[in-house]
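Chains as they are written, first to last, in our numbering: chain A, 374 to 759; chain B, 15 to 304; chain C, 23 to 254.
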């Protein structure tokens with residue numbers, strides 16, 4: 374019987390593979406998340422086990438606990454952000470390794486308490502702030518200089534010089550001017566820039582006696598456009614010529630809007646078409662349809678992906694920065710033109726940084742000099758963290 | 015010269031007809047051409063393939079029917095790959111019409127193609143939330159703050175595969191299909207850039223956007239599928255690993271590459287023809303000057 | 023007063039948004055402002071819908087040229103609105119069978135779903151596909167090698183167009199694998215990753231400065247043409 378027991382016990386023991394308990398993590402630390410409004414703590418650790426399934430993160434307000442689970446990190450992770458803490462409160466953290474079959478390691482606990490604190494300045498964005506300040510100050514400075522009468526040289530932009538020509542053409546032919554202030558809403562700066570240009574174009578159209586048709590894809594843009602055009606007609610001394618029904622909402626749906634505008638173009642055959650604002654895929658549809666009816670087209674957008682279509686299909690295209698300069702250019706006011714010069718300071722700054730980075734990276738690549746490599750890393754860290 | 019004048023003033027409808035034939039004939043013919051995968055697509059494929067089985071994959075389908083031609087096959091290929099790897103699929107979108115796109119993919123690939131998968135355990139449809147990039151900003155730290163329910167109104171706390179999910183940082187990879195705003199740029203800006211260690215992001219986008227995302231490679235975006243070609247390459251990669259998906263009925267993107275080939279060749283021919291006519295016309299005008 | 027108050031609101035809001043980017047506790051104000059705008063957008067739809075009805079009803083009643091299209095617009099608008107709002111053909115969810123309207127408005131098999139699947143989707147896809155035809159006509163009409171820059175552009179276009187198809191792969195398939203970068207697809211990728219990226223970045227720097235300048239002028243009230251005023 375004893376032998377039978379030994380055989381049965383031995384077999385039972387032989388069938389049981391030993392349960393392997395994972396090793397706990399090493400070097401567990403907890404730090405207040407930098408540059409935030411508080412309420413976040415970063416927990417980091419160095420995994421010591423080769424094959425964890427996951428990590429459990431637990432938190433307590435005293436070293437002796439009780440610890441409650443606050444999150445789970447997947448295998449391979451070495452960090453976790455606890456975003457639900459109170460500021461100025463002591464916290465201790467534990468990390469438990471969960472292995473196969475749910476076997477848990479002993480907890481690794483942080484050595485000291487950590488508190489989340491609100492910072493009042495994003496230190497990582499310091500350099501970005503300096504650049505913003507530099508650009509803003511230079512723009513304001515040049516505006517003041519221009520107001521004081523300093524001479525400014527602004528290069529000619531063909532598309533803007535063609536605006537009056539296009540409006541004149543429409544007046545002569547007795548046909549409409551179509552103006553589309555982009556397809557996005559008033560929260561987009563390109564739409565605001567488009568509406569700014571609309572004000573100038575509407576004034577010119579009122580002075581020439583040409584009719585303006587403005588279909589919009591957003592209701593708020595329709596409302597703003599109506600205010601703008603009404604004021605422009607009033608300023609031109611032709612308030613009776615203003616017709617609010619010519620500024621109308623079509624639809625929010627992208628290609629339904631494109632179809633509606635294309636249909637209008639083919640039926641009413643406007644003589645001049647202005648596309649000023651943010652556009653997406655409908656840009657080529659507008660441009661080619663207007664081309665088929667022989668309209669003169671002036672386009673302006675900062676949507677980089679659509680610029681090639683406008684350049685290929687429209688008569689004149691304002692590329693990116695030129696589009697934002699259009700309002701200042703058309704007004705002709707010195708103060709407005711001064712802001713264009715201020716932008717140039719930003720460009721010089723950008724070019725200088727690009728040049729410096731290029732030289733340092735080239736020296737590093739060619740010579741492997743340690744100082745160059747450090748300088749490149751510092752420059753990337755400074756600009757990349759902004 | 016009369017022919018020259020007619021060609022210079024060619025009615026554009028003839029060109030439209032040629033393009034129509036260049037698209038129609040290959041589609042009807044059905045012949046496909048081999049595709050070779052490129053490194054950008056290989057990186058995405060390897061990232062999904064090398065994840066342990068059962069990993070969490072977030073599929074953000076940020077497009078609407080207009081972009082279905084380019085992005086639909088991508089979504090399909092990603093879903094099939096996830097099914098093969100038994101990954102848990104979390105579907106969501108920041109586009110209002112994206113919910114229809116998610117429904118179409120789930121109906122076709124999961125309900126019809128993999129009926130053994132259980133909703134809530136193998137896949138979940140979190141649906142649409144308004145706010146564009148605002149949605150992304152919230153869910154990178156707290157998914158359930160915004161997604162209190164799934165698309166059908168079930169509390170996410172009651173869905174087994176959502177119980178342990180704190181945020182999208184818990185996902186092993188995010189696959190974003192992007193047709194515009196909000197899309198890959200916003201996911202890069204508010205997800206993979208602030209959380210580079212916990213978020214792995216790959217993108218499939220329309221052709222016109224692809225050049226804008228190259229600067230984000232390889233850190234903020236691990237890989238990029240550009241337009242229908244990217245989708246075709248992914249299908250080829252998937253078929254190489256799992257031959258079942260190499261059958262013609264499963265290679266829609268590859269099928270759509272044939273019209274692309276002929277369409278591109280037509281555009282090239284038109285450019286050449288246009289330039290020939292331009293130079294001949296220019297020489298003729300110079301010859302007529304006194 | 024009519025212009026002063028909007029100017030003050032624009033200026034104050036703009037400055038606060040600018041400063042909040044650098045102050046962590048205030049960072050969420052930008053998101054809150056975005057949420058407020060989304061709410062405003064929702065109400066603005068009523069404004070837009072009302073305007074749509076007004077303009078097209080007027081066109082129909084005046085029998086102006088093209089009034090038939092307005093009729094179609096009105097019918098489609100009303101039918102879609104009714105089907106969506108009243109959830110025609112939508113079955114209640116299994117979880118809430120006693121609530122007739124618990125199902126989603128775009129449930130498969132509902133009237134709205136039929137409009138979406140068999141009218142809206144094909145129309146949208148068709149309109150988008152017009153781009154293929156328009157690209158072809160634009161290529162024939164506009165891509166001329168008039169000068170050196172245009173010629174370089176054309177050469178690049180050839181490279182990219184061929185590189186994105188089997189033709190490009192086939193034409194340089196004889197090259198050994200170590201020369202992959204010099205195949206047509208490889209050159210296409212180099213063009214995209216180096217030249218196009220550099221050009222895009224330069225344009226984006228200019229755009230960013232333009233945005234900064236325009237925003238500053240709006241915040242400081244120097245450019246008021248969006249209000250209809252001509253500035254100071």
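In this text, a Cβ means the ideal position worked out from N, Cα and C, and glycines have one as well.
Identity of the residue in the options nearest residue i by Cα
i: residue 117 of chain B; options: B/95, B/100 and B/89; result: B/89
i: residue 586 of chain A; options: A/510, A/665, A/646 and A/733; result: A/646
i: residue 655 of chain A; options: A/612, A/725, A/607 and A/590; result: A/590
i: residue 278 of chain B; options: C/215, C/211, C/180 and C/225; result: C/180
i: residue 131 of chain C; options: C/211, C/205, C/25 and C/106; result: C/106
i: residue 618 of chain A; options: C/161, C/78, C/222 and C/28; result: C/78
i: residue 216 of chain B; options: B/291, B/27 and B/58; result: B/58
i: residue 604 of chain A; options: A/576, A/631 and A/681; result: A/576
i: residue 405 of chain A; options: A/431, A/745 and A/461; result: A/461
i: residue 81 of chain B; options: B/16, B/72 and B/240; result: B/240
i: residue 451 of chain A; options: A/470, A/465 and A/441; result: A/470
i: residue 151 of chain B; options: C/57, C/99 and C/224; result: C/57
i: residue 263 of chain B; options: B/274, B/249 and B/231; result: B/249
i: residue 105 of chain B; options: B/185, B/224, B/211 and B/37; result: B/185
i: residue 443 of chain A; options: A/431, A/468 and A/737; result: A/431
Neighbouring residues, chain B, relative to residue i (Cβ below 9 Å)
i: residue 627 of chain A; result: 78, 80 and 194
i: residue 456 of chain A; result: 155, 156, 180 and 181
Buried versus exposed call for residue i [16 or more other C-beta atoms within 10 Å across all chains shown]
i: residue 621 of chain A; result: buried
i: residue 383 of chain A; result: Because residue 383 of chain A sits at a pLDDT of 44, beneath the cut-off of 50, its placement in the model cannot be relied upon, and the following sentence gives the value as read from the coordinates. Exposed, by the Cβ-count rule.
i: residue 613 of chain A; result: exposed
i: residue 92 of chain C; result: buried
i: residue 254 of chain C; result: Confidence at residue 254 of chain C is low in this model, with a pLDDT of 38, below 50, so the placement of that residue should be treated as unreliable; the coordinate-derived value is given next. Classification for residue 254 of chain C: exposed.
i: residue 43 of chain B; result: exposed
i: residue 473 of chain A; result: exposed
i: residue 709 of chain A; result: buried
i: residue 139 of chain B; result: buried
i: residue 387 of chain A; result: Because residue 387 of chain A carries a pLDDT of 46, less than 50, the predicted location of this residue cannot be relied on, and no value is offered for it.
i: residue 118 of chain C; result: exposed
i: residue 378 of chain A; result: Only weak support is given to the placement of residue 378 of chain A: the predicted model assigns it a pLDDT of 42, under 50, and the value that follows is read from those uncertain coordinates. Counting Cβ neighbours within 10 Å, residue 378 of chain A comes out exposed, since fewer than 16 surround it.
i: residue 247 of chain C; result: buried
i: residue 64 of chain B; result: exposed
i: residue 237 of chain C; result: buried
Rounded Cβ spacing between residue i and residue j (contact assumed at less than 8 Å)
i: residue 588 of chain A; j: residue 623 of chain A; result: 5 Å
i: residue 660 of chain A; j: residue 687 of chain A; result: 5 Å
i: residue 657 of chain A; j: residue 682 of chain A; result: 4 Å
i: residue 578 of chain A; j: residue 550 of chain A; result: 6 Å
i: residue 74 of chain B; j: residue 179 of chain B; result: No, residue 74 of chain B and residue 179 of chain B are not in contact; Cβ-Cβ is about 15 Å, not under 8 Å.
Within chain B, partners of residue i - CB distance below 8 Å
i: residue 468 of chain A; result: Residues of chain B passing the Cβ test: none, with the nearest at roughly 15 Å.
Residues that residue i contacts on chain B, provided the C-beta gap is smaller than 7 Å
i: residue 65 of chain C; result: Within 7 Å Cβ-Cβ: nothing; residue 65 of chain C doesn't reach chain B, min ~14 Å.
i: residue 157 of chain C; result: 281
i: residue 177 of chain C; result: Result: empty, since nearest Cβ-Cβ is about 11 Å, beyond 7 Å.
i: residue 183 of chain C; result: 278, 281 and 282
Under 9 Å from the C-beta of residue i: neighbouring residues of chain A
i: residue 225 of chain C; result: 675, 677, 680, 692, 693 and 694
i: residue 160 of chain C; result: 657, 660, 661, 664, 682, 685 and 686
Contacts of residue i in chain C (Cβ-Cβ under 9 Å)
i: residue 174 of chain B; result: What residue 174 of chain B touches in chain C: nothing, since even the nearest Cβ is about 17 Å away.
Residue i: contacting residues in chain C (beta-carbon distance under 7 Å)
i: residue 116 of chain B; result: Going along chain C, no residue has its Cβ under 7 Å from residue 116 of chain B, so there is no contact; the nearest lies around 11 Å.
i: residue 558 of chain A; result: 63
Within chain D, the residues that residue i reaches when beta carbons sit closer than 7 Å
i: residue 292 of chain B; result: Included in the structure are the protein chains A, B and C, with no chain D among them.
Residues that residue i contacts on chain A, provided the C-beta gap is smaller than 8 Å
i: residue 96 of chain C; result: Under the 8 Å cutoff, chain A gives no residues; its nearest Cβ is about 13 Å from residue 96 of chain C.
heavy atom of the ligand ADP below 7 Å from residue i C-beta
i: residue 198 of chain C; result: The model on display carries no ligand, and the ligand ADP is accordingly not part of it.
Exercise for the section: Mind the definition here: the segment 47-66 of chain B touches the segment 256-273 of chain B only if three or more C-beta pairs lie below 8 Å; say whether that holds. Expected result: yes
Problem - Segment contact flag, the segment 181-193 of chain B with the segment 215-228 of chain B, C-beta cutoff 8 Å, min 3 pairs - result: Contact annotation: the segment 181-193 of chain B touches the segment 215-228 of chain B, with at least three C-beta pairs closer than 8 Å.
Problem - Contact between the segment 696-706 of chain A and the segment 565-585 of chain A (3+ Cβ pairs under 8 Å) - result: yes
Practice task
Tell me, please, whether the segment 84-98 of chain B touches the segment 124-134 of chain B by the rule of three or more beta-carbon pairs shorter than 8 Å.
Solution key: yes
Practice task
Count the CB pairs spanning the segment 683-691 of chain A and the segment 530-548 of chain A that are closer than 8 Å, and state whether there are at least three.
Solution key: Segments in contact, yes.
Exercise for the section: Say whether the segment 201-209 of chain B touches the segment 229-236 of chain B, bearing in mind that this needs 3 or more beta-carbon pairs closer than 8 Å, one atom from each stretch. Expected result: yes
Handout entry: Any 3 or more C-beta pairs closer than 8 Å across the segment 148-160 of chain C and the segment 22-31 of chain B
Key = yes
Exercise for the section: Would you check if there are 3 or more beta carbon pairs closer than 8 Å linking the segment 172-179 of chain B to the segment 82-91 of chain C? Expected result: Too few Cβ pairs lie closer than 8 Å, so no.
Practice task
Give a yes or no on contact between the segment 666-685 of chain A and the segment 133-146 of chain C, applying the rule of three or more CB pairs nearer than 8 Å.
Solution key: Look at the beta carbons and you see the segment 666-685 of chain A not touching the segment 133-146 of chain C: under three pairs across the two are nearer than 8 Å.
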